[in-house]
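Colleague:
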Amino acid sequence: MIAALLFLAALVAPLPDPAQEARAQALEEEIRCVACQNEPISQSTADIAVDMRRLVRARIAAGDDDARIRTYFSDRYGDFVLFRPPVKAETWPLWIAPLLLLLAGAGLAWRARGAPPADDIPIEDEL
Amino acid sequence: MITELGLFLAALALIASLAQAGFGLYGGHKGDARASAASAACAQVAAFGTVAALALLIAAFIRSDFSLAVVANNSHTDKPLLYKIAGAWGNHEGSMLLWCTVSAVFGALFASTPGKLAPSLWSRAIGVQGAVTAGALIYTLFLSSPFARLVPAPLQGASLNPLLQDPALAMHPPMLYLGYVGLSMPYSIAIAGLIEGKVDQAWARAARPWILIAWICLTIGIAAGSYWAYYELGWGGWWFWDPVENASFMPWLSACALLHSAVVTERRGSLAGWTILLAIIGFGFALLGTFLVRSGVLTSVHAFAVDPQRGYAVLTLFVLALGVGFGLYAWRAPQLSRPSGFVAFSREGALVLNNLGLSVACATVLIGTLYPLLAQAMGAGLISVGPPFFNLTFAPLMALTLIALPFGPLLAWRRGDMKAALHTLWLAGAGAAGAALGVLLLTTKGISTALGLALGAWLLIGSGAYLWRRIRQARGVALPLAVWAMSAAHLGLGVFVIGAVSETSFRQERSALMAPGDVVDFAGEKIKLAEVGSHRGPNYTAEFGRFESAGNVMTAERRFYPASQQTTSEVAIRPSLGGDLYIALGDRTKDAGTWTVRLYRNPLIELIYLGCAMMALGGGLALLRLARRRETAPAPEAAPAPRPATASL
Chain A
90 MIAALLFLAA LVAPLPDPAQ EARAQALEEE IRCVACQNEP ISQSTADIAV
140 DMRRLVRARI AAGDDDARIR TYFSDRYGDF VLFRPPVKAE TWPLWIAPLL
190 LLLAGAGLAW RARGAPPADD IPIEDEL
Chain B
802 MITELGLFLA ALALIASLAQ AGFGLYGGHK GDARASAASA ACAQVAAFGT
852 VAALALLIAA FIRSDFSLAV VANNSHTDKP LLYKIAGAWG NHEGSMLLWC
902 TVSAVFGALF ASTPGKLAPS LWSRAIGVQG AVTAGALIYT LFLSSPFARL
952 VPAPLQGASL NPLLQDPALA MHPPMLYLGY VGLSMPYSIA IAGLIEGKVD
1002 QAWARAARPW ILIAWICLTI GIAAGSYWAY YELGWGGWWF WDPVENASFM
1052 PWLSACALLH SAVVTERRGS LAGWTILLAI IGFGFALLGT FLVRSGVLTS
1102 VHAFAVDPQR GYAVLTLFVL ALGVGFGLYA WRAPQLSRPS GFVAFSREGA
1152 LVLNNLGLSV ACATVLIGTL YPLLAQAMGA GLISVGPPFF NLTFAPLMAL
1202 TLIALPFGPL LAWRRGDMKA ALHTLWLAGA GAAGAALGVL LLTTKGISTA
1252 LGLALGAWLL IGSGAYLWRR IRQARGVALP LAVWAMSAAH LGLGVFVIGA
1302 VSETSFRQER SALMAPGDVV DFAGEKIKLA EVGSHRGPNY TAEFGRFESA
1352 GNVMTAERRF YPASQQTTSE VAIRPSLGGD LYIALGDRTK DAGTWTVRLY
1402 RNPLIELIYL GCAMMALGGG LALLRLARRR ETAPAPEAAP APRPATASL
């Protein structure tokens, strides 16, 4: 792995197994380049992003699963590096909010339901 | 001299818009027609002042007057004329002046078309719009004046960020600003309605054209920005859930919800309170968008011009606008509420569902965008909320909403016939199932791609089935423009979904190290780097790579702009139905004579932009119809109405 870090070239060799390569590409979409403004390492051309891509592949080749690789990166760079925030105490409001809002909104809409007012505005199919 | 004249005109516009606010609100309150007329006249003066000031600023850019700080910092004598002009709003100060100009011009347009609006509502709306313009002008003149002098004047300017020197981007900011500021008009009309204490069908009729204008401009502006990102940033993608993209998407989502709820308010008199709230929130999102872009509180690839001090001033305007809006709403809402029931399977029911989905989706984008800030403020450390979050939350929410879409037009007002609607939609259901099965059986992609394409087919065939039914029922009589407008927008959404899902799921990409003469295999074709050379443009030097594949020649460039010491990439794109072939030339490797080359195949990406164009066209047709109705029919609808709608709030 150290050797992989020292070996600086612009490109990362694809993994021989297509399934592993697909996993690597999916993970690279979700890991943030630490030197860039707001880019995943899959897009960035920064040297560090290339190193991080190589690291993802090295961990996959070593047999780690996706969760282990995410933890590996967040242990070293903090949660900032993960575009998919891990579900924990600090982030559960974030993950639960959309569902709560949907339920609250649906509840409100359900309550507003009822008999339509007794008027006869033309029932014409118009905007 | 021109500079001082510009400053004077902007100051004149400020005085005029303050007077516009005073006269308008007073005239509305006292029912004084002379004060209202004075307010309308002030609106014309404010519009004249801002337009002339902006024209003088553009003139300073064209003449490269580097004694103006904003010109010196953002322009250069070598820049092509188009980008000298676009440079006038490609920076903070100029873009704020554009903001003021749009606000003043919309106010003047509204003032000059009173139509059948109640004079007091009309007068108050002009007044509120005057206050909005005045607020923006105070901020522009005192905190970020585009007419500030630079002494001594430099001989040469620092040039415009080369990434921004692009035709799509010359159009992107003005369209977005038209959309953002366009939402100030529904806001002003909503505030006027709240002061009035009466929000009825006439109110909705007055607000709808302005909602449509804002929504159309936002649609075009966002699509142009996305297209620019696609071919200019060299990443091969078109949407990144970047905070600044979200900042423009939230106003779009709320304008889209407002667009639909205003239809209910106009046609049925119901949902008035909700429509008002959306109009206030929509303008809030537009101000929040301006704040997020200008303050740099969020790390973004789009952070072109940031300054925290100014950000907080925009935040003050934001809090003020929302505070006034919500305060009035809380005061007046009890008077607005009226039992306005609806049954689930009706046009109203479908539109309520539309509003529920769009609002929750919009709130989700808001939470995802701001959560990193909140987490940091509460000491939870730095976190990132990126595309995976939005794909897991926004996408399913939106998908659920879109499943309901084809039912909407098929259900009548008050009480719809669900059975008949289902009967009309059988083909759409079959098409959706076919698309899903096709993906699962014929490709290696999973269930999310299958569901996405099924949704696209459902929308497209479902909206088509509605249109077909209307054409058949019309028996040769021309269909109402409204039907075409709605169908164009809904079909466009289907086209967009198919393009977005295809591009995201079936995109292929590959990086390669290539020397001239090398050939790589990519997506079933052999692509050869034929030669690498260099040439000189008007204000840049470029290194280009010429690629050949199957007899086609494509050229990708890397441009270096010495004035700003920046490099940009000009990708080579060969559009085709099977998928754009997209090639970006990267860095030359340090030792060997090879270049990094990135290759992408983006299937059906054109559909994304075609879909957006169709949505904008639908909006345009709807606007045309509202304009025609204004000329011809005084009553809400020329349909066989037994008695006029009495539904007030």
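Going down the list, the protein sequences come from chains A and B.
One rule links them: number in our numbering = place in the first sequence (from 1) + 89.
One rule links them: number in our numbering = place in the second sequence (from 1) + 801.
Note that CB positions come from ideal geometry on N, CA and C, so glycine has one too.
Note that the structure is predicted; figures quoted are calculated from it, not measured.
1) Exposed or buried, what is B/S1377 when buried is set at 16 or more other beta-carbons lying within 10 Å of its beta-carbon?
2) Can you list the residues of chain B that A/T160 reaches, using a CB-CB cut of under 8 Å?
3) Comparing the C-beta of B/V1102 with each C-beta of chain A, is any distance below 9 Å?
4) Between which two residues does the alpha helix (DSSP H) containing B/Q966 stretch?
5) If you drop the 5 nearest sequence neighbours on each side, which residues of the same chain put their C-beta closer than 6 Å to that of B/L813?
6) If you compare alpha carbons, which of B/V1144, B/W1039, B/T1395, B/G1394 is closest to B/L1408?
7) Can you list the beta strand (DSSP E) stretches of 3 or more residues lying completely in the segment 1390 to 1415 of chain B, in chain order?
8) Identify, in the order they occur along the chain, each residue of the same chain with its Cβ nearer than 8 Å to the Cβ of A/E128, setting aside the five sequence neighbours on each side.
9) Can you name, in chain order, every residue of its own chain whose Cβ lies under 7 Å from the Cβ of A/P174, other than the five neighbours on each side?
10) Which residue from B/F1208, B/G1169, B/M976 puts its Cα closest to that of B/F1190?
11) Tell me which residue opens and which closes the beta strand (DSSP E) that B/H1336 is part of.
12) Decide if A/G196 is buried, meaning its Cβ has at least 16 other Cβ atoms within 10 Å, or exposed.
13) Note down, in chain order, all residues in the segment 1143 to 1176 of chain B with a beta-carbon under 9 Å from any beta-carbon belonging to chain A.
14) Would you verify that the beta carbon of A/L104 is, or is not, closer than 9 Å to some beta carbon of chain B?
15) In chain B, which residues lie less than 8 Å from A/D168 when you measure between Cβ atoms?
16) Taking a contact to mean a Cβ-Cβ separation below 9 Å, would you say B/T941 touches B/A905 in this structure?
17) In chain order, what residues of the segment 171 to 194 of chain A put their CB closer than 7 Å to some CB of chain B?
18) Looking at the C-beta of B/F1361, does it have a partner C-beta in chain A at a distance below 9 Å?
19) At a threshold of 8 Å, does B/G1124 count as lining the ligand ADP (C-beta to nearest heavy atom)?
20) Measuring alpha carbon to alpha carbon, tell me which residue in B/V1153, B/A1301, B/L808 is nearest A/G194.
21) Between B/D1388 and the rest of its own chain, which residues show a CB-CB distance below 6 Å, the 5 nearest in sequence each way excluded?
22) Comparing C-alpha positions only, which one of B/G832, B/L1123, B/P974 sits nearest to B/V1094?
23) Counting pairs of beta carbons, one from the segment 949 to 963 of chain B and one from the segment 1015 to 1028 of chain B, are three or more of them closer than 8 Å?
24) Ordered along the chain, which non-local residues of its own chain (more than five positions away) have a Cβ less than 8 Å from that of A/I158?
25) Taking its Cβ as the centre, do 16 or more other Cβ atoms sit within 10 Å of B/W1227, making it buried, or is it exposed?
26) Within the same chain, show all residues whose beta-carbon is closer than 6 Å to that of B/F1084, passing over the 5 residues directly before and after it, in chain order.
27) Give the range of the beta strand (DSSP E) segment to which B/N1353 is assigned.
28) Do you know offhand how far B/I1384's Cα is from A/S133's?
29) Looking at the structure shown, is B/Y1341 part of a helix, part of a strand, or coil, going by DSSP?
30) Mapping the DSSP letters down to three states, classify A/I130 as helix, strand or coil.
31) Kindly indicate if chain E contains any beta-carbon less than 9 Å away from that of A/R146.
32) Alpha carbon to alpha carbon, what distance is there between A/E119 and B/Q1177?
33) Run the CB neighbour count on B/G1419, radius 10 Å, all protein chains shown included, and call it buried at 16 or more, exposed below.
34) Are the CB atoms of B/P1339 and B/K885 within a distance shorter than 9 Å?
35) Count the other CB atoms, across all protein chains shown, that sit within 10 Å of the CB of B/N1156; report buried if there are 16 or more and exposed otherwise.
36) Residue range of the beta strand (DSSP E) that B/D1322 falls in?
Modeller: If we stick to the structure as given:
1) exposed
2) Residues of chain B passing the Cβ test: none, with the nearest at roughly 15 Å.
3) With a pLDDT of only 46 at B/V1102, under 50, the local geometry of the prediction cannot be trusted, and no value is derived from it.
4) That residue, B/Q966, is in no alpha helix (DSSP H); it is neither H nor E in DSSP.
5) G850
6) B/W1039
7) 1396 to 1403
8) R121, C122, A138
9) D168, T180, L183
10) B/G1169
11) 1326 to 1337
12) exposed
13) Along the segment 1143 to 1176 of chain B, the positions whose C-beta sits under 9 Å from a C-beta of chain A are F1143, V1144, A1145, S1147, R1148, E1149, G1150, V1153, L1154, N1156, L1157, G1158, S1160, V1161, A1162, A1164, T1165, I1168, G1169, Y1172, P1173, L1175, A1176, read in chain order.
14) no
15) G1182, L1183, I1184, S1185
16) No.
17) Those would be L171, F172, R173, P174, E179, T180, L183, A186, P187, L190, L191, G194, in chain order.
18) Chain A, which has no Cβ nearer than 9 Å to the Cβ of B/F1361, makes this no.
19) Of the ligands one can find in the structure shown there are none, so the ligand ADP has no counterpart to examine.
20) Distance from the Cα of A/G194 is smallest, within the candidate group B/V1153, B/A1301, B/L808, for B/V1153.
21) T1397
22) B/P974
23) no
24) The residues L116, V145, R148, I149, in chain order, have a CB closer than 8 Å to that of A/I158 in the same chain once the five nearest residues on each side in sequence are set aside.
25) exposed
26) L984, S985, Y988
27) 1353 to 1362
28) 16 Å
29) coil
30) coil
31) Absent from the structure is chain E; the protein chains it does hold are A and B.
32) Roughly 20 Å separates the two Cα atoms.
33) buried
34) no
35) buried
36) Per DSSP, B/D1322 belongs to the beta strand (DSSP E) from 1320 to 1323.
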